[in-house]
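Reading through the structure tokens given below for one structure.
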Amino acid sequence: MTDTHNTSTLSTNTAAPKRTPLYQSHVDSDGKLVDFSGWELPIHYGSQIEEHEAVRTDAGMFDVSHMVVVDISGADAKAWLQKLLANDVAKLKTAGKALYSPMLNEQGGIIDDLIVYLMNEAETEYRIVSNAATRDKDLAQFNKVAEGFDISITERPELAMIAVQGPKAVEKLAKAKPSWSETLSGLKPFVGADLTNIEGTDWFVARTGYTGEDGVEVIMHGDDAPAFFDLLKDNGIKPAGLGARDTLRMEAGMNLYGHDMDEEISPYECNMGWTLALKDEREFVGRDALVSKRQQAKDDNTAMKQVGLLLTTRGVLREGMTVTINQGTDNEQTGIITSGTFSPSLKNSIAIARVPASLSDEDSVQVDLRGKGKFVDVRVVKLPFVRNGKQQFD
């Protein structure tokens, strides 16, 4: 699931920001706190680059307690989710299994992207983890679609969440929590496990993340979070902030809501077509509009797709910059950068861009870095840029 971590989206809300249960832990760890989507969170703890590198080569942890956890129960829980989501929860066959899905509006645009877990074999209990910045509209959509369904929707704001990420994340977590070793070793990607029998109520761990590295996300009661944070630190897991989280997810080619996707963008335009379960006749919110608009875009030759851009000269690619294809020719077309940054792993600037679907290997692609008509060539690459610590393109 994507999270809304991006330093360019720092909140302009004048209300006092909310604090997670780890606020004091961040202060004690010399975190530089900023107002992000209405939450006071660390952008770094001294060095964004060192935190990025820790996750790529060793282990780091992020406070993601601001994300929204909602528990769903009831006889119609499965049917409701099949109506709500573009991906199909019928794929979840065993308790703990997770599914990534967009939640669409009636026009086929993305209200949010989220992860849903099956919590029991009877298919009557599920857990949704979604983005903090979209909380209000997410909950509104949940309740709107719930009309006529026998379900209970319970937000869990008392819970905290820590993402432990990196090639040594699971190893170091198992050292910190030896009683978890067997559970951790048995977790496959996108599978979670209830830790109630080991730790007590509210503890849950899942092999998920937002960095392109191995690792887990751990949910617990907020009261337990500070001691867990300290235990992870004591076992060599480095605290990391919003800055590193954004460069890591960019290198991994992972979308950020409100930037690479939003309610005006269809899943096909942001590399999320693979999340759409369209093979059966299941009716979900936005399906008809989604299919119709996709066909219309093909007919009109206006279809768009998502690509990665690599700048091998000086400069930094930024969100909002125009991408020009075949600049100055009769076949000139344009796209837009939806996220851009400097990649600590590649030592060059990278971007995620939305461009015409007709773009081919023969086309030249340029970006006007300074808005003065001086176009610089950029290389188009298939996402991701980096995964499991390794460059993914030649």
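Its first residue numbered 2, the sequence shown is counted upward by one per residue in this note's numbering. Where is the CB? At the ideal position from N, CA and C, for every residue including glycine.
Item, Value
"Let me confirm a value: Glu41 is counted as buried when at least 16 other C-beta atoms fall within 10 Å, else exposed. Which label applies?", "buried"
"Please look up how many angstroms separate the CB atoms of Ala133 and Ser38, rounded, as I've assumed it's under 8 Å.", "5 Å"
"For Ser346, which three-state DSSP category applies?", "coil"
"What would DSSP say about Gln393, mapped onto helix, strand or coil?", "coil"
"Go through its chain and collect everything with a Cβ distance to Pro268's Cβ below 7 Å, but skip five positions before and after it.", "Ala87, Pro103, Ile111, Gly274, Thr276, Leu277"
"Count the other CB atoms within 10 Å of the CB of Ser26; is the residue buried (16 or more) or exposed (fewer)?", "buried"
"With a threshold of 8 Å, are at least 3 pairs of Cβ atoms found where one atom belongs to the stretch 291 to 309 and the other to the stretch 217 to 231?", "no"
"Measure how close the beta-carbons of Val381 and Leu370 come, nearest whole angstrom, since I'm counting them as under 8 Å.", "The pair is not a contact, with the Cβ atoms about 16 Å apart (cut-off 8 Å)."
"Output the residue ranges of the beta strand (DSSP E) runs that lie fully inside the stretch 282 to 349 and measure 3 residues or longer, sorted by chain position.", "305 to 312, 323 to 326, 334 to 344"
"Given a cut-off of 8 Å on the beta-carbon distance, is the pair Ser74 and Thr125 in contact?", "yes"
"Would you mind giving the Cβ-Cβ distance between Asp395 and Tyr258, rounded to the nearest angstrom? I have them listed as a contact below 8 Å.", "Going by Cβ atoms, the distance from Asp395 to Tyr258 rounds to 31 Å, so no, they are not a contact pair."
"Could you work out which residue in Asn144, Leu311, Gly213, Arg388 is closest to Phe343 when comparing CA atoms only?", "Leu311"
"For a test of the three-state rule: what should DSSP assign to Ala87, helix, strand or coil?", "coil"
"Could you check what DSSP says for Phe386 in three-state terms: helix, strand or coil?", "coil"
"Compute the distance between the beta-carbons of Gly213 and His45, then report whether it is under 8 Å.", "no"
"At a threshold of 7 Å, does Gly47 count as lining the ligand MN (C-beta to nearest heavy atom)?", "Annotation note on the ligand MN: not contained in the displayed structure, which lists no ligands."
"To the nearest angstrom, how far is it from the Cα of Asp225 to the Cα of Leu384?", "37 Å"
"Let's see if you can read the secondary structure: which residues bound the beta strand (DSSP E) around Gly61?", "61 to 64"
"Alpha carbons only, please: which of Ile337, Phe205, Val387 is nearest the one belonging to Arg355?", "Ile337"
"Are the CB atoms of Gly287 and Glu107 nearer to each other than 8 Å?", "yes"
"Any idea what DSSP makes of Trp204, helix, strand or coil?", "coil"
"For Arg355, which three-state DSSP category applies?", "strand"
"Between which two residues does the alpha helix (DSSP H) containing Pro227 stretch?", "226 to 235"
"With a CB to CB cut of under 7 Å and the five nearest residues on each side skipped, what residues in its chain are close to Lys92?", "Leu100"
"Is Asp247 closer than 8 Å to Thr339 when the C-beta atoms are compared?", "no"
"For a test of the three-state rule: what should DSSP assign to Ile152, helix, strand or coil?", "coil"
"Reducing DSSP to helix, strand and coil, say where Gln166 ends up.", "strand"
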